[in-house]
Amino acid sequence: MSQQPRRRELHQNRQEESVPRPPHATTSPQQAQDLINSLLRARHDYVGLEIQFPAGHPLIRTVLREFPDVNLDNFERLLVDARMLLDSALATEGRNCPRQKASNDCSHHKRIERQVERIKDELKDLGRELGREEYDHIRHGDRGRDAYRVSATSRQQGSASHQMEPAEPSYRSTALAKRSRQVELDEEKYRQMAPARRRSHQTDLAQEYNRQMAPPPTHSRQEPSQPPSRRTGPPSFYDPRPSYQDLLIENRMLQRENVDLKKDIADAKEEGADAKQEVEEMEKIVTEQQRHVQLLDNMLTREQKDNATLRKEKEKGGEDEE
1 MSQQPRRREL
11 HQNRQEESVP
21 RPPHATTSPQ
31 QAQDLINSLL
41 RARHDYVGLE
51 IQFPAGHPLI
61 RTVLREFPDV
71 NLDNFERLLV
81 DARMLLDSAL
91 ATEGRNCPRQ
101 KASNDCSHHK
111 RIERQVERIK
121 DELKDLGREL
131 GREEYDHIRH
141 GDRGRDAYRV
151 SATSRQQGSA
161 SHQMEPAEPS
171 YRSTALAKRS
181 RQVELDEEKY
191 RQMAPARRRS
201 HQTDLAQEYN
211 RQMAPPPTHS
221 RQEPSQPPSR
231 RTGPPSFYDP
241 RPSYQDLLIE
251 NRMLQRENVD
261 LKKDIADAKE
271 EGADAKQEVE
281 EMEKIVTEQQ
291 RHVQLLDNML
301 TREQKDNATL
311 RKEKEKGGED
321 EE
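Below, the structure written as structure tokens:
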């Protein structure tokens with residue numbers, strides 16, 4: 001009799017073990033692709049914002065220091081991570097994915113998603129900051145966006161892209177348009193690759209990027225010095241080697257800004273003199289009012305004393321009559 005509950009318990013445990021466990025959470029290819037699309041849209045918005053302003057302008061540099069995460073390098077890095085996540089999701093789609101690998105993919109997906117949301121929030125703040133009126137005098141206006149859009153369209157149609165260029169000379173607009181179109185071609189080529197070929201392609205891209213970003217080799221005194229070559233990495237606001245034409249344009253703009261600032265200072269001084277005179281007049285009025293208030297206080301004190309004296313005299317007179 002004592003063995004029956006034991007057998008019943010063992011039978012229940014076997015039934016619980018035979019029940020299939022619920023499937024663990026995994027990252028689907030659609031989620032990874034949505035993450036890539038969100039990154040591409042954010043990068044497109046950033047490029048459209050970047051080409052509206054001259055490269056290396058002091059005001060723009062000051063603003064960008066407040067948003068250090070918003071740059072093309074971070075967009076490219078997150079795109080590489082998102083594509084690796086997509087490869088992993090495609091490799092395990094429709095298969096029994098190990099629990100540890102699924103957990104790693106989910107944590108990787110959440111980490112990339114948090115970084116993307118943070119960069120998108122900073123990009124919105126950057127757009128609101130650069131949309132203020134104080135940056136209108138250095139903005140190219142809608143011409144930069146139009147040139148960027150027409151350049152991409154003309155390349156798709158096989159026509160020349162130099163028909164619609166910004167009125168103000170800027171090598172940044174053309175360079176960014178070329179860069180954006182090249183990225184679109186790379187995206188299309190990347191989507192057509194097999195998963196194994198994608199991993200090999202990512203390795204080649206990483207090696208090429210590290211080679212481009214590596215410091216130039218040091219030459220001895222006997223070797224002839226070579227002119228410095230322009231960096232071919234991802235373009236950004238912080239281009240350390242602008243051309244002579246860009247420096248000349250920036251110098252002229254700074255000179256115009258200097259003249260405007262001098263005019264503003266002179267106007268402020270005149271307004272300051274007028275304001276100082278108004279302040280002195282207001283101080284005189286306040287002093288006169290304070291003197292008047294003091295006189296009223298003295299009169300009230302004297303009146304109170306007189307009232308108190310009259311009250312005492314009345315009380316004394318009443319006592320005498322009694």
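Residue numbers in the sequence shown follow full-length UniProt numbering, run continuously in steps of one, and reach 322 at the last position.
Ideal placement from N, C-alpha and C gives every residue a C-beta, glycine not left out.
Counted as a single uninterrupted DSSP element, the stretch harbouring PRO98 is not any alpha helix (DSSP H), since DSSP gives it neither H nor E. Closest in alpha carbon position to ASP105, among LEU300, GLU280, ASP81 and ASN71, is ASP81. When the beta-carbon positions are compared, LEU126 and VAL70 come within less than 8 Å of each other.
HIS44 carries a helical assignment under DSSP once its states are collapsed to helix, strand and coil. DSSP places SER103 within a helical segment (H, G or I) once states are collapsed to three. Sequence-distant Cβ neighbours of THR301 in its own chain, meaning closer than 6 Å and more than five residues away, do not exist here.
In this chain, the alpha helix (DSSP H) harbouring VAL63 covers 58-64. If you ignore the 5 residues before and after LEU78, its C-beta comes within less than 7 Å of the C-beta of LEU39, ILE112, GLN115 and VAL116, all in its own chain and listed in chain order. Between ILE36 and ASN74, the C-beta gap is not smaller than 8 Å, which leaves the two residues out of contact.
Under a 10 Å Cβ-count criterion, ILE285 is classified as exposed, with fewer than 16 other Cβ atoms of the shown protein chains found around its own Cβ. For ARG118, the secondary structure class from DSSP, reduced to helix, strand or coil, is helix.
For GLU50, the closest C-alpha among the options GLN30, LEU130, ALA102 and ALA89 is that of LEU130. Across the set ARG65, GLU76, THR92 and ALA91, the C-alpha of ARG65 shows the shortest separation from the C-alpha of GLU122.
At least 8 Å separates the beta-carbon of LEU85 from that of HIS57.
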